[in-house]
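Below you'll find the structure, written out as structure tokens, and then a few comments.
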Amino acid sequence: MAEPAALTVEGVTKRYDGVAALDAVDLEVRAARSTVLLGASGSGKSTLLRVLLGLVRPDAGRVRVQGEALTPANVLTLRRSMGYVIQEGGLFPHLTARENAHLAARQLGWPEARREARLRELAELVQLTPELLDRYPAQLSGGQQQRVGLVRALMLDPPILLLDEPLGALDPIIRAELQDDLRRIFRRLGKSVVLVTHDLAEAGFFADHVVLLHEGAVHQQGTFADLVRSPADDYVARFVRAQRAPLEALREAGP
Numbered sequence: 001m002a003e004p005a006a007l008t009v010e011g012v013t014k015r016y017d018g019v020a021a022l023d024a025v026d027l028e029v030r031a032a033r034s035t036v037l038l039g040a041s042g043s044g045k046s047t048l049l050r051v052l053l054g055l056v057r058p059d060a061g062r063v064r065v066q067g068e069a070l071t072p073a074n075v076l077t078l079r080r081s082m083g084y085v086i087q088e089g090g091l092f093p094h095l096t097a098r099e100n101a102h103l104a105a106r107q108l109g110w111p112e113a114r115r116e117a118r119l120r121e122l123a124e125l126v127q128l129t130p131e132l133l134d135r136y137p138a139q140l141s142g143g144q145q146q147r148v149g150l151v152r153a154l155m156l157d158p159p160i161l162l163l164d165e166p167l168g169a170l171d172p173i174i175r176a177e178l179q180d181d182l183r184r185i186f187r188r189l190g191k192s193v194v195l196v197t198h199d200l201a202e203a204g205f206f207a208d209h210v211v212l213l214h215e216g217a218v219h220q221q222g223t224f225a226d227l228v229r230s231p232a233d234d235y236v237a238r239f240v241r242a243q244r245a246p247l248e249a250l251r252e253a254g255p
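Quick note, the sequence shown lines up with residues 1 to 255 if you use this note's numbering.
Structure (structure tokens):
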């Protein structure tokens with residue numbers, strides 16, 4: 001029997017004031033693969049991520065987490081199987097990096113020794129020094145805050161990792177460095193990853209499977225190469241053309 005998908009979305013619809021944020025979305029996130037939700041602002045990608053987490057309840061349709069239907073009765077339990085990273089880390093400013101990282105494990109009653117052992121393992125993975133762990137978020141750079149957010153998401157060793165525009169607020173050099181580190185971490189840990197971005201190049205860097213959303217609907221999903229070389233419709237083609245790399249645009253402009 002085939003292993004169930006990490007996440008399955010079946011006909012999910014969500015409306016706000018009569019406007020569809022998600023419109024009959026179908027999606028399958030395969031285990032140990034990286035799926036990128038791609039689209040412009042307002043396309044529905046962040047709403048879809050929150051539906052996967054059970055933070056937003058759909059008006060219609062269903063989400064399955066490792067084959068089990070997500071319901072109000074089991075949402076808290078199933079949410080523990082999903083680590084969540086948001087833009088700028090989402091850290092609590094009154095807690096140190098160490099205290100932020102410990103939050104979920106502390107709530108579950110892990111003893112301090114177990115929490116610290118797990119934290120040392122993850123800090124080494126994401127390249128955070130012990131000295132940085134004792135700082136407050138305001139004393140950390142944007143990239144360091146994102147690394148702490150990733151540690152917090154991974155603390156319980158969830159099989160699924162969800163990231164909502166995790167690199168969007170970083171400057172280009174720090175963003176490129178963290179992209180390299182994230183891809184290395186994804187491959188090493190073998191998690192089922194869902195990453196939200198509006199950046200086409202970033203999607204190509206991370207994705208095994210790309211899902212392009214527009215006005216709450218899936219316009220195309222499949223490999224990144226198919227998205228770029230064989231657009232499914234005019235919107236997909238325009239989205240790809242709008243994100244040409246600067247060097248490519250310079251070559252087209254001529255001398």
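Beta carbons: idealized from backbone N, C-alpha and C, even for Gly.
The structure presented is a predicted model; accordingly, all values stated were derived computationally and were not measured.
Among S192, L170, L227, whose alpha-carbon lies nearest the alpha-carbon of E88? Here the question's residue 88 lines up with position 88 in the sequence shown. Restricting attention to S192, L170, L227, the CA atom closest to the CA of E88 is found in L170.
Output needed for L150: all residues of its chain with C-beta closer than 7 Å, excluding positions within five of it in sequence on either side, in chain order. For the purposes of this step, residue 150 is taken as residue 150 along the sequence shown, with counting starting at 1. Beyond the five residues adjoining it in sequence on each side, L150 comes within less than 7 Å, by CB distance, of V85, V126 in the same chain, given in chain order.
Would V210 and V36 be called neighbours here (beta carbons separated by less than 7 Å)? Walking along the sequence shown from the start, residue 210 turns up at place 210. Walking along the sequence shown from the start, residue 36 turns up at place 36. Going by C-beta atoms, V210 is nearer than 7 Å to V36.
Could you spell out the range, first to last residue, of the beta strand (DSSP E) harbouring Q220? Looking up residue 220 in the sequence shown gives position 220. First-last of the beta strand (DSSP E) with Q220: 217-222.
Output the residue ranges of the beta strand (DSSP E) runs that lie fully inside the stretch 47-113 and measure 3 residues or longer, sorted by chain position. Counting whole runs of 3 or more residues, the stretch 47-113 contains the beta strand (DSSP E) stretches 60-65, 82-86.
Taking the beta strand (DSSP E) that A20 falls in, what are its first and last residues? Here residue 20 refers to the residue found at position 20 of the sequence shown. Start and end: 19-29.
Tell whether a beta-carbon distance below 7 Å holds between A31 and S230. Numbered from its first residue, the sequence shown carries residue 31 at position 31. Numbered from its first residue, the sequence shown carries residue 230 at position 230. In terms of Cβ geometry, A31 and S230 do not form a close pair [threshold 7 Å].
Applying the criterion that 16 or more other CB atoms from any shown protein chain within 10 Å of the CB defines a buried residue, is T77 buried or exposed? Numbered from 1 along the sequence shown, position 77 holds the residue referred to as residue 77. So T77 ends up on the exposed side.
DSSP beta-bridge partners of I173: Reading the sequence shown from its first residue, position 173 is the one you call residue 173. I173 is not bridged to any residue.
So within the stretch 132-208, which uninterrupted beta strand (DSSP E) runs reach at least 3 residues, ignoring any that extend past its ends? Segments of the beta strand (DSSP E) lying fully in the stretch 132-208: 160-164, 192-197.
Y16 bridges to which residues according to DSSP? Translated into positions along the sequence shown, residue 16 becomes position 16. Paired residue(s): V19.
C-beta atoms of L7 and L52 nearer than 7 Å: Mapped onto the sequence shown, residue 7 falls at position 7. Mapped onto the sequence shown, residue 52 falls at position 52. The answer is yes: Cβ separation under 7 Å.
How many Å lie between E116 and Q179 at the Cα? Here the question's residue 116 lines up with position 116 in the sequence shown. Here the question's residue 179 lines up with position 179 in the sequence shown. The straight-line gap separating the alpha-carbon atoms of E116 and Q179 is approximately 26 Å.
Stretch-stretch touch, CB-based, cutoff 8 Å, three pairs: the stretch 7-26 with the stretch 203-218: Touching, yes, given that three or more Cβ pairs across the two stretches are closer than 8 Å.
Which of helix, strand or coil DSSP assigns to L7: Locating residue 7 in the sequence shown gives position 7, counting from the first residue. The answer is strand: DSSP assigns L7 an E or B state.
By the three-class DSSP mapping on this structure, what secondary structure does L38 have? Your numbering for residue 38 matches position 38 in the sequence shown. Strand.
Using a 10 Å radius around the Cβ and a threshold of 16 neighbouring Cβ atoms, would you call R188 buried or exposed? As a working note, residue 188 is residue 188 in the sequence shown. By the 10 Å Cβ count, R188 comes out exposed.
Would you mind sorting I160 into buried or exposed? The rule is 16 or more other CB atoms within 10 Å of its CB. The residue labelled residue 160 in the question sits at position 160 within the sequence shown. It counts as buried.
Determine the direct distance from the alpha carbon of D134 to that of V218, and round the result to whole angstroms. The residue given as residue 218 occupies position 218 in the sequence shown. The residue given as residue 134 occupies position 134 in the sequence shown. Distance between the alpha carbons of V218 and D134: 43 Å.
Can you give me the Cβ contacts of V63 inside the same chain, cut-off strictly under 8 Å, excluding the 5 residues immediately before and after it? Against the sequence shown, residue 63 aligns to sequence position 63. Around V63: L7, T8, V9, E10, V12, V51, L52, G54, A69, L70.
Under DSSP, the alpha helix (DSSP H) around D234 begins and ends at which residues? Position 234 of the sequence shown, counted from the first residue, corresponds to residue 234. Membership of D234 in the alpha helix (DSSP H) is indicated by the continuous run 234-242.
Less than 7 Å separating the beta-carbons of A237 and S34? Walking along the sequence shown from the start, residue 237 turns up at place 237. Walking along the sequence shown from the start, residue 34 turns up at place 34. Going by C-beta atoms, A237 is not nearer than 7 Å to S34.
Cβ neighbours of L128 in the same chain (closer than 6 Å, five flanking residues each side left out): For this step, residue 128 is matched to residue 128 along the sequence shown. Within its own chain, the residues whose Cβ lies closer than 6 Å to the Cβ of L128, once the five positions on either side in sequence are excluded, are R147, listed in chain order.
Which of helix, strand or coil DSSP assigns to L213: The sequence position of residue 213 within the sequence shown is 213, counting from 1. In this structure, L213 counts as strand in the three-state DSSP scheme.
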